[in-house]
Every structure is written in structure tokens, then in C-alpha cells.
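Taking the numbering used here, I'd label the letters of the sequence shown as residues 39 to 300.
Backbone N, C-alpha and C define an ideal beta-carbon position, used for all residues, glycine too.
Treat the numbers as computed from the prediction; the structure is a model and nothing was measured.
Report on the following structure.
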Amino acid sequence: MWILIVTLCILLFLVGLQYRMDVTHTEIVSAKVRKAVKICVLADLHCRRFGEKQSKITDVIEQENPDLIVIPGDLFDIGRDLEISFELIDQIRNRPVYYVPGNHDVYLKNLNELHQRLEEKGVKILEGTAELFQDLEIAGIRDMGYRANMKPAKANALWKTKKFRLLLCHRPDYVSFYEKLNCDLIICGHAHGGQWRIPFTHQGIIAPRQGLFPKYTEGVHQTGKAKMFVSRGLASGNPHIPRLYNNPEIAFITITPEEKQS
């Protein structure tokens, strides 16, 4: 009997490791946009390779044809081959790319040098700044550590227009901070979908600063006036702890115009 139970547990574990790339689609309706804008979200690469020249990622992007790409942190990581992340940047630089540093990025001592290389490749780095793209005003705040240490009023001052206000910020656990912001959408990563998930559910096991059975690991959540989208991301933060029943995610968010009543 015990042999059967152990065998089943091993099989369940191995099945959980056999993940594929999930491509998800989310629609957000807003009266602030005049035409649809399709955003590709690439979170938490952590210098991982997905196919030759990141083809498992770039093939999806070419097929989906987004208007822009956002990277909400942890493009890089300590002790790993940083050039693997630049492989991805080289393949997607033909599209507008916006990036905000996550916690594993800011740990790097040579981050300024890496940012210079990203800018030379056309990547827009958002660190307490905002950029306009069509009907979007995209702001970014670099990782602030375990607690959000920026005053909400300072964050709200980043947006200068009444366009659709988008914030890139790595951590989804800054909820009390996000609830005080005057924006429309916040895009995060960091939680890695809960790392391990209960089989055949969307419930993650653990996430940083959220503890066991965390709430904010994927999908759309309401935080004050804004919706917060959490990407499950691409890699695991620790190469020795695999994702389990938790596929890597390339997320697409389409901001569509609100239909006017006739």
C-alpha cells in the first residue's frame, strides 16, 4: 500500500513539472482609450532561456502582435548569465518596450551599466518617471523593498494627463499603497504564481510577503480605484526550487474602448 502511495506521489510531482508556456488574455474596458491597445507582459525572466534565442517567447509575441511590451521587474538576477536576458531584448527591440526594475534587478551592483545597455537598445526604463504611448500614460516605480516607501501623493504626481494611467511596479503586495493611487491599471509580477500550486487549481502555496496560500499571485484584482494585474511570470526565483503545477505565463492585456450608448 505504501509503495502505491509513494509511487502516486512521485507521479503527481513529475506531472506537475511537465509545464508548457501558458498564453493568457485579459480585456480591460475604458472610456479613456479611443482604440484598442494590446500589451504583452513579460515578468520575472530571471535570466532564464526559453528556446534558442528565446524563441518560445518570441514566437508567441510574433503571433499575438502586441502594440507594446512591458517588463514589470526581475529581468536580471544575481549569479546568472545576464546575456541570456539581453538575448530576449535583442529579439523584441523592434517593438516599444517598457521596463521597471524588480528586487532581483536592484540587488545587482552593475545595474546602472545594464540600464545603459538597455537604453541603447531602445528600452524605456521607468524609475519614478512616465511616458506617453497612444492613449496610455505609463509610469514606473522601481522596487521599494519590503514596504512601499513612496508617498502616494508623489506617485500620483507622476501622471500629467487624463489619459489611461498605467503603473508598472514589481510587487503585488503593496496593496495598501496601490489603494491610494489615482490610476487605472497596475501591472506586477514577483509572486511567481505562488511557486507551487495545488494541482488543478489556481491557488498558489507561498509568495514573498504574502505567506501561505497567497491572494495576489495571478490575474486581475481590484485595489482602490485601480485594477491590479499580477503575472505569474516566466521563471522561478530559485533555480533549485522548480515551479510545480504552475506554468510560465506570457500575458496579453487588451485595453478596449468603452462602447458608447446609442
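- Secondary structure of E158 (DSSP, three-state): helix.
- In the structure shown, L149 falls within a helical segment according to DSSP collapsed to helix, strand and coil.
- Residue pairing by DSSP leaves G140 without any beta bridge partner.
- Remark: fewer than three beta-carbon pairs, one from each stretch, lie closer than 8 Å, so the region 236 to 253 and the region 196 to 204 are not flagged as touching.
- Annotation: A186 to F215 spans about 7 Å, alpha carbon to alpha carbon.
- Going by DSSP, D128 is part of the alpha helix (DSSP H) stretching over 121 to 130.
- By the Cβ neighbour-count rule, G231 is buried, with 16 or more other Cβ atoms within 10 Å of its own.
- In the structure shown, H228 falls within a coil segment according to DSSP collapsed to helix, strand and coil.
- Taking a contact as a CB-CB distance under 8 Å, the pair G117 and G227 does not count as one, their CB atoms being some 20 Å apart.
- Just so you know, the alpha carbons of R203 and P104 end up roughly 18 Å apart.
- The DSSP-derived three-state label of Q172 is coil.
- DSSP places K192 in the helix class (H, G or I) of the three-state scheme.
- With 16 or more neighbouring CB atoms inside 10 Å of its own CB, P286 falls in the buried class.
- Separation of K73 and I279 (C-alpha to C-alpha, rounded to the nearest whole angstrom) is 42 Å.
- Distances from the alpha-carbon of I291 to those of L272, P110, P252, V79 put V79 closest.
- When DSSP reads this structure, C207 sits in a beta bridge with I179.
- The beta carbon of I95 is closer than 6 Å to those of F88 in its chain, skipping five residues each way along the sequence.
- Within its own chain, the residues whose Cβ lies closer than 6 Å to the Cβ of I176, once the five positions on either side in sequence are excluded, are Y136, E169, L204, listed in chain order.
- Q233 and L174 have their C-alpha atoms spaced approximately 32 Å apart.
- One alpha carbon belongs to H142, the other to L120, and they sit about 12 Å apart.
- Setting aside the 5 residues that flank it on each side, S274 is surrounded in the same chain by H230, Q233, P280, R281, each with a C-beta closer than 7 Å to its C-beta; the list follows chain order.
- In the three-state DSSP reduction, Q260 falls in the strand class (E or B).
- In terms of CA proximity to K189, K218 leads the group Q241, K218, K91, H208.
- In the DSSP assignment, E287 falls outside any alpha helix (DSSP H) and within the unbroken beta strand (DSSP E) covering 287 to 295.
- Of the candidates D97, R131, F171, H153, the residue whose Cα lies closest to the Cα of G160 is R131.
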